[in-house]
Amino acid sequence: MSHTFHIPVLGLGFSIDTPLKVAQYGISSAISIVDDDLIERMRDYHTKKNNEPYVAIKKSSPDSRARRITAYLNLVNDIVNTQFENLKAEAFDAGSNLCRYFELLPENSQLKQGYELMMEYPDCERKTIFQNILRRKMVKGSIDVNIMAKVDKMNFTADGEYMGDENTDALASLRSFAESNLQSSVVLSAGMNPRLYSYLEKFDCFFPDKTGSLNKKITLKVSDFRSAFIQAKFLAKKGLWVSEFRIESGLNCGGHAFATEGFLLGPILKEFREKRSLMLDELYQLYSTALKLKNIEYSAIPSQRFSVQGGIGTSEENKFLIKHYQLDGTGWGSPFLLVPEVTNVDKETLTQLSTAGEDDYYVSDASPLGILFNNFKPSSANTQRIKRLEKGQPGSPCTKKYLCTNTEFTEKPICTASRQYQNLKIQQIQTLSLAKDEYQQQYEAVVEKLCLCEGLCSSTYLKYGINKPKENIAVAICPGPNLAYFNEVYSLEDMVKHIYGKMDLLGKIKRPHVFIKELNLYIDYLQTDLQVHVKNMNDKKSKQLGKFKIQLQDGINYYKELFSQLPGQTTDLMQTICNELVLSENKLNSLLITD
0 MSHTFHIPVL
10 GLGFSIDTPL
20 KVAQYGISSA
30 ISIVDDDLIE
40 RMRDYHTKKN
50 NEPYVAIKKS
60 SPDSRARRIT
70 AYLNLVNDIV
80 NTQFENLKAE
90 AFDAGSNLCR
100 YFELLPENSQ
110 LKQGYELMME
120 YPDCERKTIF
130 QNILRRKMVK
140 GSIDVNIMAK
150 VDKMNFTADG
160 EYMGDENTDA
170 LASLRSFAES
180 NLQSSVVLSA
190 GMNPRLYSYL
200 EKFDCFFPDK
210 TGSLNKKITL
220 KVSDFRSAFI
230 QAKFLAKKGL
240 WVSEFRIESG
250 LNCGGHAFAT
260 EGFLLGPILK
270 EFREKRSLML
280 DELYQLYSTA
290 LKLKNIEYSA
300 IPSQRFSVQG
310 GIGTSEENKF
320 LIKHYQLDGT
330 GWGSPFLLVP
340 EVTNVDKETL
350 TQLSTAGEDD
360 YYVSDASPLG
370 ILFNNFKPSS
380 ANTQRIKRLE
390 KGQPGSPCTK
400 KYLCTNTEFT
410 EKPICTASRQ
420 YQNLKIQQIQ
430 TLSLAKDEYQ
440 QQYEAVVEKL
450 CLCEGLCSST
460 YLKYGINKPK
470 ENIAVAICPG
480 PNLAYFNEVY
490 SLEDMVKHIY
500 GKMDLLGKIK
510 RPHVFIKELN
520 LYIDYLQTDL
530 QVHVKNMNDK
540 KSKQLGKFKI
550 QLQDGINYYK
560 ELFSQLPGQT
570 TDLMQTICNE
580 LVLSENKLNS
590 LLITD
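Using numbering that gives the first Met the number 0, the first residue of the sequence shown is number 0, and each one after it goes up by one.
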């Protein structure tokens with residue numbers, strides 16, 4: 000990779016075409032391939048923008064979901080390849096895209112150093128040779144795709160006939176990537192789906208050629224070592240190699256949040272660092288054995304990357320995480336929502352994000368999936384939800400049906416954010432003769448759900464002016480809480496320079512260290528969980544919460560030891576972190592867990 004950071008997937012639409020904006024500069028990013036309707040509309044837009052004929056793939060046509068996604072991925076790949084070749088053909092003139100490619104690179108990059116040395120050369124034949132060498136060594140950014148493994152809706156024909164396992168949403172998405180022209184990674188997130196993981200085995204592109212190279216790679220987004228190892232072993236036994244583990248903070252991230260049982264990012268990274276070699280050895284044994292059984296010959300041990308993402312905010316944190324935990328890179332997601340040339344955020348939402356404070360970002364139960372969701376209070380989708388409640392109209396029209404998982408009241412799954420479900424659920428709790436406060440608590444839990452299928456696409460449609468008449472344009476957005484400390488609109492150069500320490504976008508803004516921020520998010524999470532169960536605490540829940548608290552205390556102890564031993568840190572910074580740890584520990588100790 001040219002860069003030591005990547006841009007993770009951002010919602011459904013916010014990074015749907017980010018590779019078209021950054022891949023030519025060597026920056027890797029990920030596209031969500033959940034919503035094939037969004038993808039088809041983006042294919043329409045970008046095909047016409049590039050003066051190519053657009054042939055629609057209708058929803059009713061055979062295997063439309065996979066074919067739509069494959070067609071879009073091939074289009075993005077073709078455009079990026081053209082961009083990259085055109086960029087390499089440019090002269091090394093000031094202000095050119097070619098120079099921009101090299102100037103965005105980190106200072107310790109050999110390619111960057113070679114470029115700077117070449118620019119100092121007088122014009123001569125040797126300089127031309129030097130320039131051609133630099134061009135040959137340029138690498139474009141990877142166009143990765145993201146699949147939420149458990150967002151795997153079953154699909155039926157118009158006659159109600161089940162279309163089969165291979166046509167569930169997640170499996171069709173995987174097939175679309177496997178059949179595309181991309182040479183990149185599929186990022187599997189949101190937990191393990193054995194049916195999806197087993198489906199990988201059906202495609203030759205995930206197995207090595209004779210040199211050991213992989214045409215398409217597998218990346219796992221994980222939040223702890225144990226689950227990462229379990230998932231990787233499951234795949235290795237099938238001859239499938241995990242080329243990268245993207246370790247993500249449980250709560251200090253954007254999108255859906257997967258809280259661990261009190262395990263904090265620092266101790267998790269420590270475990271990966273200490274057990275990385277042992278894991279690699281065991282996985283390779285399983286992998287090589289499986290390939291022999293499949294009669295697949297190869298000559299090289301595959302590589303394996305480890306990266307971290309979630310709440311990183313400064314170049315100092317970025318450098319520390321890579322160096323101390325021996326990582327290959329980092330992920331920077333939410334801050335790029337304030338970079339209009341990289342992501343799709345409409346003007347109104349962009350203004351809201353650039354002026355928001357810490358209280359505007361919160362972990363919610365808004366997702367119909369029943370998974371914690373990082374929400375943004377001022378969003379127009381949240382405002383619309385509240386206005387509907389005021390009119391006595393809870394819920395949203397359910398048009399896309401990607402998140403239909405509930406069968407509490409219906410034979411076919413429906414979405415918990417839909418009007419149908421919320422009206423049925425409210426009617427049910429009205430019959431339970433609940434106390435006023437208990438009824439209100441249950442009512443709020445029902446009506447908090449947001450329509451994410453439409454809301455996470457609306458911003459893209461608004462930005463490109465391709466929203467349809469009478470289409471809901473309320474925007475849902477899911478930035479991580481770290482975005483509260485970035486309060487301007489930035490250029491790509493600004494953000495990359497910030498990541499690499501050539502510019503400080505945060506200035507004198509008071510911001511907790513990435514580890515401290517996550518710790519406080521977990522303490523708040525524990526406090527909320529305690530409040531919810533305080534009236535009906537049983538022995539099992541008490542033990543679970545007690546274990547959670549112990550893990551947090553162990554994390555605090557680890558941080559005390561870590562920060563007391565770090566060389567090269569300023570006294571003021573260390574004192575600030577130590578003071579914050581004391582405050583966090585006092586807050587944790589004030590939480591009493593009883594049966």
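Cβ coordinates follow ideal geometry from the N, Cα and C atoms, glycine included. Bear in mind that the values here come from a model prediction, so they are computed numbers and not experimental data.
Could you give the C-beta distance for glycine 10 and cysteine 477, rounded to a whole number, given that I count them as a contact under 8 angstroms? Contact between glycine 10 and cysteine 477 holds, since their C-beta atoms are separated by about 6 angstroms, short of 8 angstroms.
Mapping the DSSP letters down to three states, classify phenylalanine 485 as helix, strand or coil. In the structure shown, phenylalanine 485 sits in coil (DSSP, three-state: anything other than H, G, I, E or B).
Compare the C-beta of leucine 239 against all C-beta atoms of chain D and say whether one is closer than 8 angstroms. Although the question refers to chain D, the structure presented lacks it and comprises just one protein chain.
Taking glutamate 492 as part of the beta strand (DSSP E), name the residues at either end of that continuous run. Annotation for glutamate 492: no beta strand (DSSP E) segment contains it, though the alpha helix (DSSP H) segment containing it runs 491 to 499.
Hey, out of Glu84, Ile267, Thr167 and Asp34, whose CA is closest to serine 306's CA? Among Glu84, Ile267, Thr167 and Asp34, the Cα nearest to that of serine 306 is on Ile267.
The beta strand (DSSP E) spanning alanine 355 covers which residue range? Boundaries cannot be given for alanine 355, as no beta strand (DSSP E) includes it and DSSP labels it neither H nor E.
If contacts are defined as beta-carbon pairs under 8 angstroms, then asparagine 85 and glycine 312 qualify, I think. What distance do you get, rounded to the angstrom? Not quite, the Cβ-Cβ distance comes to about 35 angstroms (not below 8 angstroms), so this is no contact.
Return yes when the Cβ of glutamine 130 is within less than 8 angstroms of the Cβ of phenylalanine 101, no when it is not. No, Cβ-Cβ distance for phenylalanine 101 and glutamine 130 is not below 8 angstroms.
Rounded to a whole number of angstroms, what is the C-alpha to C-alpha distance between aspartate 538 and isoleucine 246? Between the C-alpha atoms of aspartate 538 and isoleucine 246 there is a straight-line separation of about 32 angstroms.
Buried versus exposed, by CB contacts within 10 Å (16 or more), leucine 219: By the neighbour-count rule (16 or more Cβ atoms within 10 Å), leucine 219 is buried.
Spatial neighbours of phenylalanine 228 in its chain, beta-carbon cut-off 7 angstroms, leaving aside the 5 residues before and after: Excluding sequence neighbours, phenylalanine 228 sits near Met278.
Contact under 8 angstroms by Cβ, alanine 256 with leucine 371: Contact flag set, yes.
So for isoleucine 343, helix, strand or coil by DSSP? Reading off the sequence, residue 343 comes out as asparagine, not isoleucine. Here DSSP, grouped into helix, strand and coil, assigns asparagine 343 to coil.
For glutamate 51, name the three-state secondary structure that DSSP assigns. Coil, per DSSP.
Can you tell which of Gln351, Ala365 and Lys209 has its C-alpha closest to the C-alpha of aspartate 359? With distances taken between Cα atoms, aspartate 359 lies closest to Gln351.
Take lysine 139 as the anchor and find which of Ala22, Glu115 and Ala235 has the nearest alpha-carbon. Of the candidates Ala22, Glu115 and Ala235, the one whose C-alpha sits nearest the C-alpha of lysine 139 is Ala22.
Using only the alpha-carbon positions, how far apart do leucine 110 and cysteine 98 sit? Spanning the two alpha carbons is a distance of roughly 12 angstroms.
What are the boundary residues of the alpha helix (DSSP H) that includes serine 417? Run containing serine 417: none; DSSP gives neither H nor E here.
Taking the alpha carbon of leucine 449 as the point to measure from, which residue in Ile465, Val488, Tyr489 and Lys400 has its own alpha carbon closest? Closest option to leucine 449, Cα to Cα, is Lys400.
Report, in whole angstroms, the separation of the C-beta atoms of phenylalanine 13 and asparagine 343, which I expect to be a contact under 8 angstroms. Going by Cβ atoms, the distance from phenylalanine 13 to asparagine 343 rounds to 5 angstroms, so yes, they are a contact pair.
Threonine 259: buried (16+ other C-beta within 10 angstroms of its C-beta) or exposed? Under this definition threonine 259 is a buried residue.
Can you list, in chain order, the stretches of the beta strand (DSSP E) that have 3 or more residues and sit fully within the stretch 224 to 304? Given a length threshold of 3 residues, each whole run of the beta strand (DSSP E) inside the stretch 224 to 304 is given here in chain order: 241 to 247.
For asparagine 519 and serine 583, which I take to be in contact (beta-carbon distance under 8 angstroms), what is that distance rounded to the nearest angstrom? The pair is a contact, with the Cβ atoms about 6 angstroms apart (cut-off 8 angstroms).
Counted within 10 angstroms of its Cβ, other Cβ atoms place phenylalanine 514 as buried (16 or more) or exposed: So phenylalanine 514 ends up on the buried side.
DSSP state of leucine 320 mapped onto helix, strand, coil: In the three-state reduction of the DSSP assignment, leucine 320 falls in the helix class, which pools H, G and I.
Tell whether a beta-carbon distance below 8 angstroms holds between glycine 479 and asparagine 317. For glycine 479 and asparagine 317, no; Cβs fall outside 8 angstroms.
Classify threonine 17 as buried or exposed, calling it buried when 16 or more other Cβ atoms lie within 10 Å of its own Cβ. So threonine 17 ends up on the buried side.
Per-residue DSSP class, three states only, for phenylalanine 398: Reading off the sequence shown, one finds threonine at residue 398, where the question assumed phenylalanine. Residue state, collapsed to three classes: coil.
Using only CA atoms, which one of Val338, Thr210 and Leu187 lies nearest to leucine 199? Comparing Cα-Cα distances from leucine 199 to each of Val338, Thr210 and Leu187, the minimum goes to Leu187.
Identify which residue in Ile295, Ser302 and Leu326 has its Cα closest to the Cα of glutamine 308. Ranking Ile295, Ser302 and Leu326 by Cα distance to glutamine 308 puts Leu326 first.
Alpha carbons only, please: which of Phe176, Tyr196 and Leu423 is nearest the one belonging to alanine 231? Just measuring C-alpha positions, the residue of Phe176, Tyr196 and Leu423 sitting nearest alanine 231 is Tyr196.
Output yes or no for whether 8 angstroms exceeds the beta carbon distance between leucine 580 and lysine 559. A contact, by the Cβ cut-off of 8 angstroms.
Candidates Gln552, Ile128 and Asp62, of which the one nearest glutamate 178 by Cα: Comparing Cα-Cα distances from glutamate 178 to each of Gln552, Ile128 and Asp62, the minimum goes to Asp62.
I'd like to know whether the C-beta atoms of leucine 597 and leucine 544 end up nearer to each other than 8 angstroms. The displayed coordinates of the chain run from 0 to 594. Any statement about residue 597 would go beyond what the structure contains.
What separation, rounded to the nearest whole angstrom, lies between the Cα atoms of alanine 65 and serine 541? Their backbone Cα atoms lie some 46 angstroms apart in a straight line.
Could you check the C-alpha separation between aspartate 503 and serine 108 for me, to the nearest Å? So the alpha carbons of these two residues sit roughly 20 angstroms apart.
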